[in-house]
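Residue numbers (the working numbering): 140 to 749.
For every residue, glycine included, the Cβ atom is placed at its ideal position computed from N, Cα and C.
These numbers come from a predicted model, not from an experiment.
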């Protein structure tokens, strides 16, 4: 990245911003105090939010495979928005009205057909009708004598009845008084039919607008969001020399500045360029190949690296794939993910979703390989299979003990790899001297650990191993306890080394043990798959009815494996991510805090960058 600083005469400023927006490579530096309250900006952001909601509703109601009408440049986007919002509001109002009327119809259905005019005539004649509802156990037969109570209907355990009394007569009844609606149930049924007809017309209008107005509304969204970005840039501009000069700063990626420089050379705008300093908060634009690019969104769930440290995406990606395979641990499940990813990738047009489906296919493919290595296919264990041709491969399969140790080995490898990345990163950023403590621990862990492994398998003699421990331990201890800060008192270095040793020992032990989850999740998924297989087959056999037995078995297998796949896939996504963000990032010295590179550009161009 290169830092650009511009001084622009106030009369040229808006024209300058328009041209910078067209070039679309400059990330504007925001003011440290942020953007002040601005009514115009707030209003545009509210309009953008309304357009987004309207577009989402149109997408939901759009017929499948519909051919959208091109955007109409002659129509006012805000007017289209108001029209769409009006019909959406009308639809929502009609839906509420239908629901309310149906509830009222259900409430009045027990009273049958009645005439309010006849009820009023009875009142004028000296008879008052009151309507009640009460649980059957509370209904008192004396009410029939005292208040001329007549049962009208009985629904479940509720009695609906009416009393006939004289005006002013007090009615003391432990029941709920019912107020009749203006209309009978039959009249309300007619209203419901009319409301549903209006609702159907509103739905048809929305479907029509989802085809005819979508692109026009989308174009209006682009204009509004572009205006929002423009206003934010204006508000982030410093005014100098009594508002006659505008000061603006931004970042441009190296390799993308040619068009920007050509424009600047053709104008009289004063500008300066500079390389980032250690204190600059430089925006981040990740550069990865096709494989590692699929994992960028996983890293962004945690944080972006800052500009002065390396992007760890290429380094955690291979581990994440293997961890996912270990956690899912079933070749059959992996095959389903592989086929799903490949099929969805062919159907997807959005490049972001297409990349996600590619990742699903990769994860599924690796799970197939790991599942075969673990000897599990749809909960069926291949390790103990009596099939002759499978027995040739069973020697290469991993039982539960081997899976446990392999999970720990993977953890040790990733942690040590992270420490190597930390060491090389320290050398690059602050020099070799500051990296000596990390180098010391690498010498102790890798040197002494490697010597232990070689002596355990009798690759080296005991005498050689003894000198290996002495050499690696001495060099590592020297770096950790005496050379951890060359500018500090050696006694203070020793104290700092002891504290570092305590943190390292306790931290590494916990970090390595965290990788047991790889073994546990894979084992639990396989056990659950076996349980559902056994349950489905035993239930089918116990029924003993042809066809029905097979249907029950198939239902249990589909339902059980469906639940197992969902739970196992969720754990396989989350737990490798946890190992990456906690154990690997910590040991790799990841700092984070980066802000994504977002160039000042037209909205369509910005989304392509994102």
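Nearest-angstrom Cα distance between residue i and residue j?
| i | j | result |
| --- | --- | --- |
| residue 296 | residue 222 | 49 angstroms |
| residue 254 | residue 218 | 47 angstroms |
| residue 152 | residue 378 | 11 angstroms |
| residue 745 | residue 358 | Note that residue 745 has pLDDT 40, beneath the 50 cutoff, so the model's placement of it is unreliable and no number is given. |
| residue 382 | residue 558 | 52 angstroms |
| residue 739 | residue 718 | 36 angstroms |
| residue 547 | residue 534 | 21 angstroms |
| residue 93 | residue 601 | This structure does not reach residue 93, given that the chain is present from 140 up to 749, and the question cannot be answered. |
| residue 164 | residue 188 | 26 angstroms |
| residue 216 | residue 180 | 18 angstroms |
| residue 590 | residue 610 | 11 angstroms |
| residue 688 | residue 702 | 21 angstroms |
| residue 374 | residue 364 | 15 angstroms |
| residue 511 | residue 705 | 20 angstroms |
| residue 667 | residue 683 | 25 angstroms |
| residue 310 | residue 293 | 21 angstroms |
| residue 232 | residue 203 | 26 angstroms |
| residue 396 | residue 567 | 26 angstroms |
| residue 252 | residue 325 | 7 angstroms |
| residue 518 | residue 544 | 22 angstroms |
| residue 630 | residue 623 | 11 angstroms |
What is the DSSP secondary structure of residue i, reduced to helix, strand or coil?
| i | result |
| --- | --- |
| residue 583 | helix |
| residue 305 | coil |
| residue 149 | helix |
| residue 710 | helix |
| residue 748 | Bear in mind that a pLDDT of 35 at residue 748, under 50, signals an unreliable position, so the model cannot answer this. |
| residue 592 | helix |
| residue 557 | helix |
| residue 372 | helix |
| residue 468 | coil |
| residue 733 | strand |
| residue 142 | strand |
| residue 279 | coil |
| residue 299 | strand |
| residue 515 | strand |
| residue 447 | coil |
| residue 453 | helix |
| residue 673 | helix |
| residue 155 | helix |
| residue 685 | coil |
| residue 695 | helix |
| residue 573 | helix |
| residue 490 | helix |
| residue 209 | coil |
| residue 527 | helix |
Quick check on this structure: which residue in the options has the alpha carbon closest to the alpha carbon of residue i?
| i | options | result |
| --- | --- | --- |
| residue 225 | 613, 520, 348 and 205 | 348 |
| residue 634 | 619, 562 and 270 | 619 |
| residue 582 | 637, 281, 607 and 250 | 607 |
| residue 177 | 393, 372 and 461 | 372 |
| residue 245 | 213, 265, 301 and 323 | 323 |
| residue 659 | 724, 539, 164 and 602 | 539 |
| residue 101 | 277, 333 and 339 | Residue 101 falls outside the range modelled here, since the chain spans only 140 to 749, and no answer is possible. |
| residue 612 | 630, 587 and 593 | 587 |
| residue 412 | 646, 444 and 392 | 392 |
| residue 161 | 369, 551, 656 and 420 | 369 |
| residue 672 | 520, 291, 220 and 389 | 520 |
Tell me where the alpha helix (DSSP H) around residue i begins and ends.
| i | result |
| --- | --- |
| residue 607 | 601-620 |
| residue 413 | Run containing residue 413: none in the alpha helix (DSSP H); it sits in the beta strand (DSSP E), 409-413. |
| residue 232 | 216-247 |
| residue 328 | 324-351 |
| residue 178 | 178-200 |
| residue 650 | 629-653 |
| residue 258 | 255-263 |
Could you spell out the range, first to last residue, of the beta strand (DSSP E) harbouring residue i?
| i | result |
| --- | --- |
| residue 377 | 377-379 |
| residue 598 | Careful: residue 598 lies outside any beta strand (DSSP E) and carries neither H nor E. |
| residue 389 | 384-391 |
| residue 274 | 267-274 |
| residue 289 | 288-294 |
Would you say residue i reaches chain B, if we count a Cβ-Cβ gap shorter than 8 angstroms as a contact?
| i | result |
| --- | --- |
| residue 387 | The structure shown contains no chain B; it holds only a single protein chain. |
May I ask whether a heavy atom of the ligand COA can be found less than 7 angstroms away from the beta carbon of residue i?
| i | result |
| --- | --- |
| residue 596 | With respect to the ligand COA, the structure offers nothing, as it holds no ligand at all. |
**Message:** If contact is defined by three or more beta carbon pairs under 8 angstroms, each pair taking one atom from either stretch, is the stretch 612-628 in contact with the stretch 570-578?
**Reply:** yes
**Inter-stretch contact (C-beta, 8 angstroms, three-pair minimum) for the stretch 433-444 and the stretch 669-685** = no
**Message:** When you compare the stretch 503-511 with the stretch 466-486, are there three or more beta-carbon pairs, one atom per stretch, that lie closer than 8 angstroms?
**Reply:** yes
**Prompt:** Can at least three beta-carbon pairs, one atom from the stretch 491-502 and one from the stretch 680-698, be found at a separation below 8 angstroms?
**Reply:** no
**Message:** For the pair the stretch 631-649 and the stretch 482-493, tell me if three or more CB-CB distances fall below 8 angstroms.
**Reply:** no
**Prompt:** With contact counted as at least three CB pairs below 8 angstroms, one residue from each stretch, are the stretch 702-722 and the stretch 441-459 in contact?
**Reply:** yes
**Message:** When you compare the stretch 452-472 with the stretch 510-525, are there three or more beta-carbon pairs, one atom per stretch, that lie closer than 8 angstroms?
**Reply:** yes
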